[in-house]
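Scroll down for the structure; my scribbles are underneath it.
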Amino acid sequence: HVLALLPSYLERSGSSLVYMAEHFIQQSKSAYSGFYLHNYQELIHTLQELHQQRAKVLLLGVTFGLLDLIEKAEEIPNLTQLIVMETGGMKGRRKELLREEVHELLCKAFGVESIHSEYGMTELLSQGYSTGEGIFTPGRTMKVLLRDVNDPFCIYPTQTSKRGGINVIDLGNVDSCCFIETKDLGAYETSGRFSVLGRFDNSDVRGCNLMIA
C-alpha cells in the first residue's frame, strides 16, 4: 500500500515526484493507496486500518510534511511492516535540520529502526535511494562526484575523506543536461555510494514545487 504525503507538490501542477508516486500507487492496485495533502487525521486513520491488517505500507513523504504529521497527529500506530521514505527537504516551510535529527524524530514517532530516503531533483531523471543512515546508492544511469567548495574545477578522488559539493552525471537525461552542479554538500562512502550532509550556506531553496515556468 503506497501512501504519498506530498502537500506542496500536490498544490502545483507538473511535479515529477507526483508523477512517480502516482505510478507506484497504480502499480500497488490497492484501494488504500493514494495522495494526502493536509488531511493528516485521514492518513492516520488509514494507517490504523492497515496496522490491524498487518499490511506492508510505504509512506512516501516530503520531509516537512512528515514532521507536520507527527506533530499534529494524536497517535501514530506502529506498523510492523512500515517503510517511511522522506524525499526533499523543508522547502522553506520549516527550519532546516540535520538529516540525523530528522531521522531520529521520525524513527521515534513511527516506531521504525531506520528512515529510507530518496535523493533526486526536478532536473534529473535518475535518483539515489537510501535504506537508512543517509547513505545513498545511485541508480545505474547516475554517478555522483565531489568538488572542492572553493574551486569548482577541483574534483576529489573517490578515496578521499573530504566533504565537497555534489556534482551529478545523469545519463538518463539524454534529451536535456546530463551534468548538474548542485548546492548540496556530500561525502563519498564505500562501493560507489554517497551521503548528503546538507546545503551550502546561503544557497537558494530548491525543489520542483518551487520552480516557476
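Quick note on our numbering: the sequence shown kicks off at 10 and runs consecutively.
The beta carbon of each residue, even a glycine, is placed where N, CA and C say it ideally should be.
Treat the numbers as computed from the prediction; the structure is a model and nothing was measured.
{"query": "How far does the beta strand (DSSP E) with residue 125 in it reach, from first residue to last?", "result": "125-128"}
{"query": "Could you say which of 54, 69, 65 and 37 lies nearest to residue 16 if we only look at CA atoms?", "result": "69"}
{"query": "Please list, in chain order, all residues of the same chain as residue 171 whose beta carbon is under 6 Å from its beta carbon, the five residues on each side excluded.", "result": "165"}
{"query": "Determine the closest residue to residue 151 out of 32, 95 and 183, with distance taken between C-alpha atoms.", "result": "183"}
{"query": "Restricting to runs no shorter than 3 residues, where is the beta strand (DSSP E) found entirely within the region 161-185?", "result": "173-179"}
{"query": "DSSP puts residue 204 in a beta bridge; with which residues?", "result": "144 and 196"}
{"query": "Around the C-beta of residue 33, are 16 or more other C-beta atoms found within 10 angstroms, so that it is buried, or is it exposed?", "result": "exposed"}
{"query": "Between the Cα of residue 40 and the Cα atoms of 28, 27, 66 and 49, which residue gives the shortest distance?", "result": "66"}
{"query": "Among 195, 185, 134 and 161, which has the Cα closest to the Cα of residue 175?", "result": "195"}
{"query": "Kindly indicate which three-state DSSP category residue 27 falls into: helix, strand or coil?", "result": "helix"}
{"query": "Please determine if the region 117-124 and the region 85-96 are in contact, where contact requires at least 3 C-beta pairs separated by less than 8 Å.", "result": "yes"}
{"query": "So, helix, strand or coil for residue 191, using DSSP?", "result": "strand"}
{"query": "Verify whether the separation of the beta carbon atoms of residue 201 and residue 131 is less than 9 Å.", "result": "no"}
{"query": "Could you tell me whether the Cβ atoms of residue 45 and residue 88 are closer together than 9 Å?", "result": "no"}
{"query": "Quick check on the burial criterion: 16 or more other C-beta atoms within 10 angstroms. Buried or exposed for residue 247?", "result": "Since the first residue shown for the chain is 10 and the last is 222, residue 247 is missing from the structure and cannot be characterised."}
{"query": "Note the first and the last residue of the continuous alpha helix (DSSP H) segment covering residue 64.", "result": "No alpha helix (DSSP H) holds residue 64; DSSP gives it neither H nor E."}
{"query": "Measuring only the C-alpha atoms, how far is residue 62 from residue 84?", "result": "18 Å"}
{"query": "Under DSSP, the alpha helix (DSSP H) around residue 18 begins and ends at which residues?", "result": "16-19"}
{"query": "Can you give the beta carbon distance from residue 133 to residue 179, rounded, assuming they're within the 8 Å contact cut?", "result": "5 Å"}
{"query": "Less than 8 Å between the CB atoms is what I'm expecting for residue 198 and residue 144, so what's the real figure, rounded?", "result": "5 Å"}
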